[in-house]
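Protein chains in written order, with the working numbering: chain A, 608 to 835; chain B, 15 to 330.
Quick reminder that beta carbons are idealized off the backbone N, C-alpha and C, glycines included.
Note that the structure is a prediction, hence the values are computed from the model and not measured.
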């Protein structure tokens, strides 16, 4: 009686932002934190294994309207930091000055932070819930302090992380009146607008379809009080 | 594509039996990067209502072993927007469109079917009387043969189009429901919709879906759906059936055809592999070519074989 590790789960694909991409070699890189059956299956893949990729799908962060010397902030929660080294390189190419606010539950959750070395973040502010790395507390609070002190002030905020972090950050960016782009998190069935599984309560209409209209959305489009 | 793939469903002749299922294929236009719509037998639209419908709050989906639960709640743009904005493009792309429709009450079904009357390039109407994820209508019509009969006869009187009725596997007796739909004027039966299921977060003890329950789909339900198709095909010979339930590869297609389906609908598999329907058409064509057979010969083969035994052979 032999058994190959069952493939009843995961059944669906998983949505990830690209952590790196090299157009010349055609290689793309993903940063994956193992938390459930989907990520575990990816972790179990041996080097050289085949995986099927559907993408790229959805929109990306926008640098439109930002000139050389513009100051922006990146606020990342845990593994949500994955796409940002790539964004910092895009900042550098345009002469945009970006600060990094990186938060997590503890130092271990931010074990990938070396990926940000050399990407050109002007300031790097770390925060952990337990204080094991950087400031003790939420990264959104660290950002609120930084935004209040920033001179000149931030022209835009980019963020990726869990929904509760977004909800807190949405209040901060509204208070400091900085336009923001949030890379939203919602379980996606298909990734291209067919299943309508990944909707988020909206302000302009009942639901925003995360995969189709996002996943990067301005926080003003989301009805945060209805987000579960 | 060859005549070998052609299949007849009552008044409706499809170029092949591969049909993406309602709710898993959007309005078709979401899939143009992945499949040539003109290559498919047909496709079933997202369930259309008379007015646009917002659907259920998230979380709406939840992965389960070999499948998923959904409680989308029939979010759709409404029949008017579909006809004005989606259908012209589908016409250009050469898609064969089966308009899936639903409502809260009989009058709503009649109204949405009425809104499609006279609209060109809709090959058939599929009545969704089996959605488990709305408070009113939906599955309520599918769970009682008398409610099914009443609704189907009213819609029958309102349209001359090919009328497909999509039945619920949650009905107490699917054969009774199927017979009620046929006797009330259904040309074709689609079976089956999703099975009502549930998932609970073990830590919070809250249902994983905001609606509480959801419809189970994917390979997990295939043997259940196959048995139901076999059973209805046996009980109601001559009624054209579109088989649905976890179909994910060519062998699944062949099994449903053998059970008695004249066409198959591919659902959840479209999510993980959006090109699957186009590929299944090619694979079925190759199969027919290599075996010197045709779809018409593949339909119902299991019905013709010797006593299948067990409950599947019993009528109703």
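DSSP, reduced to helix, strand and coil, places residue 694 of chain A within a helical segment of the structure shown. The beta carbon of residue 312 of chain B lies closer than 6 angstroms to those of 271 in the same chain, with the five residues before and after it left out.
A contact is defined here as three or more CB-CB pairs under 8 angstroms, and the segment 208-226 of chain B fails this definition with respect to the segment 159-166 of chain B. Between residue 89 of chain B and residue 779 of chain A, the gap from beta carbon to beta carbon reaches 9 angstroms or more.
Residue 758 of chain A has its alpha-carbon roughly 11 angstroms from the corresponding atom of residue 677 of chain A. The DSSP-derived three-state label of residue 701 of chain A is helix. Using a Cβ-Cβ distance cut-off of 8 angstroms, the segment 739-750 of chain A and the segment 662-674 of chain A are not in contact, since fewer than three pairs of beta carbons, one from each stretch, lie closer than that value.
Taking a beta-carbon distance threshold of 9 angstroms, residue 660 of chain A does not count as an interface residue toward chain B.
Any Cβ of chain B closer than 9 angstroms to the Cβ of residue 805 of chain A would place that residue at the interface, and such an atom is present.
Around the beta-carbon of residue 304 of chain B, fewer than 16 other beta-carbon atoms lie within 10 Å, marking it exposed. Shown in chain order are the members of the segment 82-106 of chain B whose Cβ falls below 7 angstroms from a Cβ of chain A: 82, 84, 86 and 89. No Cβ-Cβ contact shorter than 9 angstroms links residue 157 of chain B with residue 37 of chain B. The distance from the Cβ of residue 236 of chain B to that of residue 187 of chain B is about 21 angstroms, inconsistent with a contact at the 8 angstroms cut-off.
At least one C-beta of chain B is nearer than 9 angstroms to the C-beta of residue 799 of chain A. For residue 110 of chain B, none of the residues of chain A pass the 9 angstroms Cβ criterion, the least Cβ distance being about 18 angstroms. Burial of residue 201 of chain B is indicated by the presence of at least 16 other C-beta atoms within 10 angstroms of its C-beta.
Check the Cα spacing between residue 756 of chain A and each of A/765, A/706, A/624 and A/818: the tightest is with A/706. Remark: C-beta atoms of residue 688 of chain A and residue 712 of chain A do not approach each other more closely than 9 angstroms. For residue 770 of chain A, the uninterrupted alpha helix (DSSP H) run begins and ends at 770-783, by DSSP. In this structure the segment 807-814 of chain A does not touch the segment 16-29 of chain B; the number of beta carbon pairs closer than 8 angstroms is below three.
Residues of chain A whose Cβ lies closer than 9 angstroms to the Cβ of residue 164 of chain B do not exist; the shortest such Cβ separation is about 30 angstroms.
When the five nearest sequence neighbours on each side are left out, the beta carbons in the same chain lying within less than 8 angstroms of the beta carbon of residue 240 of chain B are those of 257, 259, 269, 270 and 273, in order along the chain. Rounded to the nearest angstrom, the gap between the Cα atoms of residue 44 of chain B and residue 762 of chain A is 35 angstroms. Here the alpha carbons of residue 126 of chain B and residue 263 of chain B stand approximately 34 angstroms from one another. Proximity of chain A to residue 288 of chain B at the Cβ level (cut-off 8 angstroms) is accounted for by 661, 797, 799 and 801, in chain order. Spatial neighbours of residue 108 of chain B in its own chain (CB-CB distance under 7 angstroms, excluding positions within 5 residues in sequence) are listed in chain order as 51 and 52.
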